[in-house]
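Please read the structure below before turning to the comments.
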Amino acid sequence: MKLNYSIGTLEEVELIHAYSLEVLRDVGAVFHSEDAIEIFRKHGFKVDGQTVYFKKQEVEDAIKSAPPHYTWYGNQTSVEIGKGGLKATPAYGPIYVHQNGEYKKSAHIDFVNFHKLNETSEVMDVSSCNTLDVSFVPVNKREEYRLGTTLKYCKKPIYGIVDGGYKKINYCLDKMKDFYGVTDDKVFSTGLLATMGAMQMSTDMCEALIAYSERKQAIIITSGTVLGANAPQSMAGSFVLGNAMILAGLVLSQLVNPGTPVIYCAKFSSSDIQRLAPAYGGIEAMLGCATSRAMASYYELPLQSGSSVTESKANDYQGGAETFSNLFSAYMLEVDCLLHACGVLDSMNSLSYEKYILDEEMNLTMKHLTEGYFINDESVMIDLIKKKGPTGSYLGRTMKMFLRDFYIPKYAVRDSHNEWVTKGKLVSEDLARQQIDKRLNAYKEIEHDQDQVRIIEELIPEF
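Residue numbers for the sequence shown follow our numbering, so the first one is 30 and each next one is one higher.
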């Protein structure tokens, strides 16, 4: 018995695609990069200044060119993307750190600590150069710092560098390739590219897309629609614009290098019309995730969607409810990559130590939920029911069947009232807080060879 969760019909999916093609044909997409514009011109696309217009066949040929799956290599490990099975990935870019109910700007120790939490996590499949903001590092050294520190502390595959311009990105990709010792045909980096508006791509993102595509490294193209601000005040209109821009970026990637892996990511969220800002924890995000699943499946592309994001500024009722709804969608819809899987507060602006631990457990409960339960002779235990009779007791040694069917949480308070008072009236956040140091101390330093040590020292000599 498994839960089923889906949205819409094939006819509705095809309508979104058709409207997106109409937008690309009649409205076009702006690329703030002469290199990108020249690539489109070279391939015969209609160009007016920085605006590119797309024909249906041009778009659909590009979709067919992008592979449905790929292998993502790290230091001693790899993951399969697009072959089934959700891959949890870390927070991306929070500015602040939350611990013991207080906020502070991120620092080097936090950047390292969250890498250690990612590496020791039974939930997290991937690490990232962008787990936290690194404004404590001089601007001209930030990308090297991100990469060097991540390579030093992480074995898992990592989201790579996408900022700093074409030359800096290629330098970082060279260092990653040398560090991992992989051949040119291996995908060792996945770059997360966020469009700057409904139908625009910034210079930095264009340069990153071109750099990654030239080397056939994977890219995630994320739409930048904000409902009511740079997109219509309707879910359908907002999603169509976001979908159109993803397709525009996908076309560019396949023109640069056919077969470049592209992950679909329609970052559709709810909206706060009073602030003209996204509301990532809004219940409508569940509809956005489900629609994204439908479109990615239609295009036969891997999907990144869902998160542990909440607008709440504390680990409170709002935070738990919004986190649950976002994670539930991701797991029930079997997304391929789950970004911001653990610890995110404050509309993605903050990363919480305690929430990271709590969200790990939330992810595990979601995994358990997706497994469902079996109905057969063994699981029904009909022989035991007959043996016990109508008034029988089933108390006794805990059976394997119970442990398979029921998840036992570590951080949910299920004590009786008196037990809870006796133990100090601890709540879930208190229990999670007790685990942070244990987890950090459980991290084992990675042994690097001489070439890897040299690369790390070149990237981060002062650390």
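Yeah, the Cβ is synthetic: ideal placement off N, Cα and C, and Gly gets one too. No experiment lies behind these values; they were computed from the predicted model shown.
{"Check": "Is the beta carbon of VAL191 sitting closer than 9 Å to the one on TYR125?", "Outcome": "no"}
{"Check": "Report back the beta-carbon spacing between ILE292 and LEU332 to the nearest angstrom; my notes put them in contact at under 8 Å.", "Outcome": "7 Å"}
{"Check": "Identify every residue that forms a DSSP beta bridge with LEU332.", "Outcome": "TYR293"}
{"Check": "Go ahead and pull the three-state DSSP assignment for GLN128.", "Outcome": "strand"}
{"Check": "If you pair each beta-carbon of the stretch 316 to 329 with each one of the stretch 75 to 89, do three or more pairs fall below 8 Å?", "Outcome": "no"}
{"Check": "Quick check: what's the CA-CA separation for GLY193 versus LYS473?", "Outcome": "31 Å"}
{"Check": "Straight-line CA distance for TYR209 to VAL482?", "Outcome": "12 Å"}
{"Check": "Put GLY177 into one of helix, strand or coil per three-state DSSP.", "Outcome": "helix"}
{"Check": "Which of helix, strand or coil does DSSP assign to PHE165?", "Outcome": "coil"}
{"Check": "Between the stretch 87 to 94 and the stretch 336 to 350, do at least 3 Cβ pairs fall closer than 8 Å?", "Outcome": "no"}
{"Check": "Checking 9 Å against the spacing of the C-beta atoms, do GLY271 and ALA306 come in under that value?", "Outcome": "no"}
{"Check": "At what residue ranges does the stretch 402 to 482 contain a whole run of the alpha helix (DSSP H), taking only runs of 4 or more?", "Outcome": "406 to 409, 411 to 417, 429 to 434, 446 to 451 and 457 to 471"}
{"Check": "Between GLY122, GLU87 and ASN142, which lies nearest to GLU383 when the distance is taken from Cα to Cα?", "Outcome": "ASN142"}
{"Check": "If you follow the alpha helix (DSSP H) that LEU270 is part of, which residue opens it and which one closes it?", "Outcome": "264 to 285"}
{"Check": "Looking at C-alpha atoms only, which residue of PRO167, ALA350, ARG171 and GLY103 is the closest neighbour of PHE217?", "Outcome": "GLY103"}
{"Check": "Which of the three DSSP states, helix, strand or coil, is assigned to SER358?", "Outcome": "helix"}
{"Check": "Determine the closest residue to THR251 out of SER231, SER267 and LEU221, with distance taken between C-alpha atoms.", "Outcome": "LEU221"}
{"Check": "Quick check on DSSP: helix, strand or coil for LEU222?", "Outcome": "strand"}
{"Check": "Let me know if VAL409 comes out buried or exposed under the rule of 16 or more other beta-carbons within 10 Å of its beta-carbon.", "Outcome": "exposed"}
{"Check": "If you reduce the DSSP assignment to three classes, tell me which class GLY212 lands in.", "Outcome": "Residue identity differs from the one stated: residue 212 is Thr in this sequence, not Gly. Coil, per DSSP."}
{"Check": "Where DSSP assigns a beta bridge to SER381, which residues make up the other side?", "Outcome": "HIS127"}
{"Check": "Closest to GLY335 by C-alpha separation, out of ILE66, ALA117, SER62 and GLU63, would be which residue?", "Outcome": "ALA117"}
{"Check": "Per DSSP, which one or two residues make a beta bridge with MET391?", "Outcome": "Beta-bridge pairing links MET391 to no other residue."}
{"Check": "Which same chain residues, not among the five before or five after GLY111, have their C-beta less than 6 Å away from its C-beta?", "Outcome": "PRO97, HIS98, PRO331 and ASP365"}
{"Check": "Starting from PHE143 and walking both ways along the alpha helix (DSSP H), at which residues does that stretch end?", "Outcome": "137 to 149"}
{"Check": "With DSSP collapsed to three states, give me the class of MET228.", "Outcome": "coil"}
{"Check": "Could you tell me the alpha carbon to alpha carbon distance between ILE404 and ILE198, rounded to whole angstroms?", "Outcome": "53 Å"}
{"Check": "Are the Cβ atoms of ALA265 and ALA227 separated by less than 9 Å?", "Outcome": "no"}
{"Check": "When the distance is taken between beta carbons, is LYS134 closer than 9 Å to SER157?", "Outcome": "no"}
{"Check": "With DSSP as the reference, identify every bridge partner of MET205, one or two as the case may be.", "Outcome": "The partner list for MET205 (beta bridge, DSSP) is empty, contrary to what the question assumes."}
{"Check": "Give the DSSP-derived three-state secondary structure of CYS366 in the structure shown.", "Outcome": "strand"}
{"Check": "In this structure, does DSSP put ASP233 in helix, strand or coil?", "Outcome": "helix"}
{"Check": "I'd like to check one pair, PHE60 with GLN246: are the Cβ atoms closer than 9 Å?", "Outcome": "no"}
{"Check": "What would DSSP say about SER35, mapped onto helix, strand or coil?", "Outcome": "coil"}
{"Check": "For PRO167, count the other beta carbons within 10 Å of its own beta carbon; 16 or more makes it buried, fewer makes it exposed. Which is it?", "Outcome": "exposed"}
{"Check": "Which stretch, first to last residue, makes up the alpha helix (DSSP H) that contains GLU67?", "Outcome": "63 to 71"}
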